[in-house]
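So the structure is just underneath, and the comments pick up after that.
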Amino acid sequence: DAKTTQPPSMDCAEGRAANLPCNHSTISGNEYVYWYRQIHSQGPQYIIHGLKNNETNEMASLIITEDRKSSTLILPHATLRDTAVYYCIVSDSGGSNYKLTFGKGTLLTVNP
Amino acid sequence: GAVVSQHPSWVICKSGTSVKIECRSLDFQATTMFWYRQFPKQSLMLMATSNEGSKATYEQGVEKDKFLINHASLTLSTLTVTSAHPEDSSFYICSAREIGSGGLRQPQHFGDGTRLSIL
Numbered sequence: 001d002a003k004t005t006q007p008p009s010m011d012c013a014e015g016r017a018a019n020l021p022c023n024h025s026t027i028s029g030n031e032y033v034y035w036y037r038q039i040h041s042q043g044p045q046y047i048i049h050g051l052k053n054n055e056t057n058e059m060a061s062l063i064i065t066e067d068r069k070s071s072t073l074i075l076p077h078a079t080l081r082d083t084a085v086y087y088c089i090v091s092d093s094g095g096s097n098y099k100l101t102f103g104k105g106t107l108l109t110v111n112p
Numbered sequence: 113g114a115v116v117s118q119h120p121s122w123v124i125c126k127s128g129t130s131v132k133i134e135c136r137s138l139d140f141q142a143t144t145m146f147w148y149r150q151f152p153k154q155s156l157m158l159m160a161t162s163n164e165g166s167k168a169t170y171e172q173g174v175e176k177d178k179f180l181i182n183h184a185s186l187t188l189s190t191l192t193v194t195s196a197h198p199e200d201s202s203f204y205i206c207s208a209r210e211i212g213s214g215g216l217r218q219p220q221h222f223g224d225g226t227r228l229s230i231l
């Protein structure tokens with residue numbers, strides 16, 4: 001069972017920032033937060049991950065609250081090609097139980 | 113960036129035949145690869161974890177004799193669906209994790225999936 005809670009869907013206007021929330025209130029100290037997205041009929045694409053500090057790469061920014069119970073993925077300038085299902089996953093990626101358990105994710109629709 | 117290649121991308125075959133799907137890490141080595149299955153309008157479900165040089169670990173409810181996994185090298189894992197039937201029709205996706213030196217944990221990178229249709 002997924003350890004995260006995400007809204008089932010969100011809309012965003014093209015060119016605006018998309019902020020996707022994720023609750024992971026039961027996260028443990030050694031678990032990372034991973035974000036992936038899946039465009040229809042393709043494999044998931046890795047976006048970003050973090051432990052407790054905010055992270056930024058060429059695709060997105062990840063903001064993790066100080067208590068680590070929630071996070072927000074930010075796509076700074078959404079385009080139509082960012083329409084996808086976004087998955088927030090917590091995982092102890094260093095241990096023998098390293099698995100990614102996918103929930104239902106958030107369907108982000110970027111509108112022109 | 114890390115690239116995972118999956119082949120074939122689409123296969124249609126008759127009921128009772130066996131189908132082999134390949135998963136390759138193109139520009140990195142992976143001691144661990146994962147196999148997922150996704151039915152329409154559902155999320156990915158992990159089927160098994162494939163470790164190079166050892167037996168795969170299957171998730172509960174996944175028949176190991178039906179879904180044969182071989183991970184013979186650090187860049188290749190194969191999934192063979194034996195005696196496939198229409199209910200095995202699904203989207204099969206593999207992923208691989210780059211061998212890392214620790215620190216910020218290396219993420220899994222996914223292939224583009226194989227759509228299997230059994231007639």
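Chains as they are written, first to last, in my numbering: chain A, 1 to 112; chain B, 113 to 231. Just so it is clear, CB atoms sit at the ideal spot from N, CA and C, and this is done for glycine as well. Predicted, not measured: the structure shown is a model, and the values here were computed from it.
Q) Is it true that the stretch 52–63 of chain A meets the stretch 96–111 of chain A, where meeting means three or more beta-carbon pairs spaced less than 8 Å apart? A) no
Q | Three-state secondary structure assigned by DSSP to G215 (chain B) | A | Confidence in G215 (chain B) is poor, its pLDDT being 45 and thus under 50, which makes the residue's placement unreliable; the coordinate value appears in the next sentence. If DSSP states are grouped into helix, strand and coil, G215 (chain B) belongs with coil.
Q: Grab me the residues of E55 (chain A)'s own chain with a C-beta within less than 6 Å of its C-beta, minus the 5 sequence neighbours each way, in chain order.
A: Excluding positions up to five away in sequence, the list reads I48 and L62.
(Q) So, under 8 Å CB-CB, K69 (chain A) and H24 (chain A) are touching, yes? Tell me the CB distance rounded to an integer number of Å. (A) 6 Å
Q) Out of curiosity, what's the CA-to-CA distance linking A18 (chain A) and T169 (chain B)? A) 38 Å
Q | Neighbour list for Q42 (chain A) in chain B, Cβ cutoff strictly below 8 Å | A | D224 and G225
Q. Do you know whose CA, among B:C206, B:V193 and B:A208, lies nearest K126 (chain B)'s CA?
A. B:V193
Q | Residue closest to L231 (chain B), alpha-carbon to alpha-carbon, out of B:D224, B:Q220, B:E199 and B:I211 | A | In this structure, B:E199 is the residue among B:D224, B:Q220, B:E199 and B:I211 with its C-alpha nearest to the C-alpha of L231 (chain B).
Q: Put R209 (chain B) into one of helix, strand or coil per three-state DSSP.
A: strand
(Q) Taking a contact to mean a Cβ-Cβ separation below 8 Å, would you say I124 (chain B) touches Y204 (chain B) in this structure? (A) no
Q. Can you give, in chain order, each stretch of the beta strand (DSSP E) that sits fully within the stretch 134–199 of chain B and has at least 3 residues?
A. Taken in chain order, the complete beta strand (DSSP E) segments of 3 or more residues contained in the stretch 134–199 of chain B are 144–150, 157–163, 179–185 and 188–193.
Q) Terminal residues of the continuous beta strand (DSSP E) containing D11 (chain A)? A) S9 to A13
(Q) Measuring straight from C-alpha to C-alpha, what distance separates T129 (chain B) and C12 (chain A)? (A) 45 Å
Q) CA-CA distance, D92 (chain A) and H77 (chain A)? A) 31 Å
Q: Look up A84 (chain A) in the DSSP assignment and give the residues it is bridged to.
A: A:L108
Q. Which residue's Cα is closest to the Cα of I89 (chain A): A:D82, A:K104 and A:L80?
A. A:K104
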